[in-house]
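Okay, structure first, notes after.
Protein chains: 2
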Amino acid sequence: MMVARYERIAAELRDDILRGEQPVGSTLPTDAELAARYSAARGTVRQALAVLVAEGLIGSRQGARRIVLGTSRSQSFAELHSFAQWAKANGYRFSGQVLRQQRRRATSAEAARLASPEVLEVLRLRTLEDEPVLVERTVYAGWIAAAVEVIPPDCDSITQALFDSTGLVFAYGEHLIDAVPAGAQDARLLGVRRGSPLLRQRRVTTTQEGRPVESSEDRYRAGSVTFSIRNSIGANPLVRQAGDLRFGA
Amino acid sequence: MMVARYERIAAELRDDILRGEQPVGSTLPTDAELAARYSAARGTVRQALAVLVAEGLIGSRQGARRIVLGTSRSQSFAELHSFAQWAKANGYRFSGQVLRQQRRRATSAEAARLASPEVLEVLRLRTLEDEPVLVERTVYAGWIAAAVEVIPPDCDSITQALFDSTGLVFAYGEHLIDAVPAGAQDARLLGVRRGSPLLRQRRVTTTQEGRPVESSEDRYRAGSVTFSIRNSIGANPLVRQAGDLRFGA
DNA sequence: TAGGGGAACTTGTACAAACAAGGCCAGACC
DNA sequence: GGTCTGGCCTTGTTTGTACAAGTTCCCCTA
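If you read the protein sequences in the order shown, they are chains A and B.
Counting from 1, position 127 in the first sequence corresponds to residue 127 in our numbering; the numbering is continuous, with no gaps.
If you count the second sequence from 1, you need to add 249 to reach our numbering.
Structural data, given as structure tokens:
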């Protein structure tokens with residue numbers, strides 16, 4: 001596996017920061033110095049630095065030296081998308097269980113979102129450190145339904161299973177995050193009172209080619225999971241939205 | 250105000266997508282074609298395309314043509330940070346009112362976060378479309394307190410006011426998002442029942458130089474505001490976090 | 001007709017060079 | 001002592017070139 005030069009330079013610089021060799025607030029060497037150190041062109045070094053800027057580790061302004069801003073980096077798309085990959089990467093004990101699974105006709109909203117007349121609906125309960133923390137209500141597009149149905153009900157990582165069986169890679173997603181009161185089913189599954197606060201994450205995911213794969217509504221028990229966003233000017237993937245403009249309901 | 254070439258090219262391409270001239274799923278022209286169209290070097294065109302990839306509008310894989318993924322772009326960092334700028338940009342009626350404001354000694358956690366022994370604590374209520382939707386509990390570092398205190402209590406945009414008076418630009422922020430039950434004060438101010446779900450956003454903001462400016466806890470009434478995150482592989486600013494690792498309590 | 005092999009195409013990576021734009025600091029000046 | 005200015009330093013932008021790596025699709029073959 002050949003890794004790009006700028007990726008390796010970025011990894012080295014990231015290590016320097018994470019190890020504390022470049023403490024928060026310190027200035028990084030200049031483009032020219034780094035280019036000399038790594039025997040690379042300035043453009044290549046700048047590409048590496050752009051990675052760290054996007055991760056929120058360093059700040060950059062024209063004319064001034066680059067500054068170390070933080071020591072914890074934004075994690076991968078995979079970790080955002082897959083509960084299992086996130087939990088595993090952070091060393092948590094976790095599991096998942098399919099509670100219900102059925103094919104049905106898509107509602108008009110789902111048909112529009114997933115470009116699919118038939119869908120597979122799955123209800124899944126996830127635990128973290130042996131506590132139930134997440135109810136997932138996922139709707140898969142028809143073309144991927146068969147691959148999902150053969151996954152064992154207690155499979156930990158659906159993302160991983162789909163990649164292994166079909167080579168599918170989730171490449172893009174849109175996520176809406178808000179707070180909702182627990183419904184009767186939520187309350188029973190998560191062991192909380194009805195009406196207590198849940199963190200809701202709705203998302204639509206597509207393949208690299210832009211083909212819709214799934215639409216999901218996940219509800220986290222309050223206090224169990226927090227979303228963290230780190231951003232600088234120029235790298236800003238988050239917006240607020242009033243009311244429920246998309247998703248209807 | 251000189252705008253970079255690649256920014257203008259990115260803006261034109263973005264317009265094509267937002268106007269529907271490049272519908273979702275369609276392929277963009279190749280680097281070479283775009284370079285010819287804009288009489289720019291391929292590198293410049295690629296820089297423009299990188300902007301759109303970061304915004305989640307288009308997808309890109311080596312060897313394959315670029316594809317339009319979405320039609321609504323992630324908005325600016327300023328809009329994420331400032332309620333007023335977001336509301337104004339989206340044409341909403343809004344207002345703000347300071348309810349309480351006092352200087353005090355920083356708690357040890359605040360002193361660590363803001364690197365300041367004395368702080369200014371402000372309680373602010375925001376309305377959207379004449380409905381109370383947001384309670385802001387903000388703690389400003391001592392060095393900026395004086396500039397905040399002279400802002401009129403009914404000022405709509407603190408961000409703007411601080412920029413006008415001191416030239417301060419918020420450059421960096423970390424945001425933690427979760428769900429919490431409304432406390433007694435929250436319930437009274439927002440007109441909801443105690444214990445009903447609120448969307449909580451905690452953040453620490455710094456200047457471009459990495460100097461801490463403020464630490465804030467904002468609580469949104471459920472249903473009033475939704476956070477939206479759009480991401481692709483490679484551009485991923487969001488992570489989940491278990492429990493309350495940071496911020497204590 | 002189904003499948004394999006390529007050729008052509010497209011995006012990714014890397015290097016080199018030059019100028020623009022903004023920050024920083026020291027020395028000059030009031 | 002304080003302020004201002006100019007030069008130096010550093011990052012930002014742009015162009016040009018070359019090759020690597022992955023995708024697509026047509027054509028040839030079995």
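Where a beta carbon is used, it is the ideal one built from N, C-alpha and C, also for glycine.
Note that the structure is predicted; figures quoted are calculated from it, not measured.
Checklist entry - Closer than 8 Å, CB to CB, is Val180 (chain A) near chain B or not? => result yes
Checklist entry - Ordered along the chain, which non-local residues of its own chain (more than five positions away) have a Cβ less than 8 Å from that of Pro430 (chain B)? => result Arg443, Gly444, Ser445, Pro446 and Leu447
Checklist entry - Buried or exposed: which applies to Leu99 (chain A), given that a residue is buried once 16 or more other Cβ atoms fall within 10 Å of its Cβ? => result exposed
Checklist entry - chain A beta carbons: is any one of them nearer than 8 Å to that of Pro278 (chain B)? => result no
Checklist entry - What are the start and end residues of each continuous alpha helix (DSSP H) run of 4 or more residues lying completely inside the segment 184-222 of chain A, in chain order? => result 184-190
Checklist entry - Taking Cβ positions only, does Ser82 (chain A) come closer than 8 Å to chain B? => result no
Checklist entry - DSSP beta-bridge partners for Ile426 (chain B)? => result A:Phe227 and B:Gln450
Item to check | CB contact below 8 Å: Pro402 (chain B) versus chain A | outcome: no
Next on the checklist: Run through chain B and tell me which residues come within less than 8 Å of Ile177 (chain A), C-beta to C-beta.
Outcome noted: Ile426, Leu448, Thr475, Phe476, Ser477 and Ile478
Checklist entry - What is the rounded straight-line gap between the Cα of Val462 (chain B) and the Cα of Gly312 (chain B)? => result 45 Å
Next on the checklist: Please list the terminal residues of the continuous beta strand (DSSP E) segment that includes Val384 (chain B).
Outcome noted: Glu380 to Ala390
Checklist entry - For Thr206 (chain A), which residues in chain B fall below 7 Å Cβ to Cβ? => result Leu318
Checklist entry - What span of residues does the beta strand (DSSP E) with Glu256 (chain B) cover, start to end? => result Taken as a continuous stretch (DSSP letters only), Glu256 (chain B) belongs to no beta strand (DSSP E), being part of the alpha helix (DSSP H) at Arg254 to Leu267.
Checklist entry - Would a check of beta-carbon distances place Ser215 (chain A) closer than 8 Å to chain B? => result no
Checklist entry - Residue range of the alpha helix (DSSP H) that Gly292 (chain B) falls in? => result Arg291 to Ala303
Next on the checklist: Assuming Phe412 (chain B) is part of the alpha helix (DSSP H), what are its boundary residues?
Outcome noted: Ile407 to Thr415
Checklist entry - Is the beta carbon of Gln271 (chain B) sitting closer than 8 Å to the one on Val300 (chain B)? => result no
Checklist entry - How would you write the range of the alpha helix (DSSP H) that Ala344 (chain B) sits in, first residue to last? => result Note on identity: in this sequence residue 344 (chain B) is Ser, with Ala being the wrong assignment. Premise fails: Ser344 (chain B) lies in the beta strand (DSSP E), Phe343 to Arg354, not in any alpha helix (DSSP H).
Item to check | Reduced DSSP secondary structure (H/G/I, E/B, other) of Ile316 (chain B) | outcome: strand
Next on the checklist: Which residues in chain A have a C-beta closer than 8 Å to the C-beta of Val371 (chain B)? List them in chain order.
Outcome noted: Ordered by position in chain A, no residue passes the 8 Å Cβ test against Val371 (chain B), which lies about 20 Å from the chain.
Checklist entry - If you check the beta carbons only, do Ser157 (chain A) and Ala141 (chain A) fall under 8 Å apart? => result no
Next on the checklist: I'd like to confirm the pairing. Which residues does DSSP put opposite Leu374 (chain B) in its beta bridges?
Outcome noted: B:Gln346 and B:Val384
Checklist entry - If you draw a straight line from the alpha carbon of Ala336 (chain B) to that of Leu438 (chain B), how long is it in whole angstroms? => result 20 Å
Checklist entry - For the candidate residues B:Ala360, B:Ala333, B:Leu374 and B:Gly340, whose alpha-carbon lies nearest to that of Gln346 (chain B)? => result B:Leu374
Next on the checklist: With a threshold of 8 Å between beta carbons, is Ala35 (chain A) in contact with chain B?
Outcome noted: no
Next on the checklist: Does Glu33 (chain A) pass the burial test, meaning 16 or more other C-beta atoms within 10 Å, or should it be called exposed?
Outcome noted: exposed
Checklist entry - Which residue from A:Val139, A:Gly20 and A:Phe94 puts its Cα closest to that of Arg113 (chain A)? => result A:Val139
Next on the checklist: Please report the distance separating the alpha-carbon of Gly91 (chain A) from that of Leu128 (chain A).
Outcome noted: 11 Å
Next on the checklist: Which residues in chain A have a C-beta closer than 9 Å to the C-beta of Val273 (chain B)? List them in chain order.
Outcome noted: Gly210
Item to check | Distance, Ile307 (chain B) Cα to Arg66 (chain A) Cα | outcome: 29 Å
Item to check | Beta-carbon spacing of Tyr220 (chain A), Val133 (chain A) below 8 Å | outcome: yes
Item to check | Chain-ordered neighbours of Ser196 (chain A) on chain B, where CB pairs are closer than 8 Å | outcome: Pro430, Gly444 and Pro446
Checklist entry - What residues in its chain sit with their C-beta under 6 Å from that of Cys155 (chain A), if we drop five residues either side in the sequence? => result Ala161
Item to check | Per-residue DSSP class, three states only, for Ile58 (chain A) | outcome: strand
Checklist entry - Using DSSP with H/G/I as helix, E/B as strand and the rest coil, what is Leu28 (chain A)? => result coil
Item to check | CB of Val397 (chain B) within 8 Å of CB of Val371 (chain B), strictly | outcome: yes
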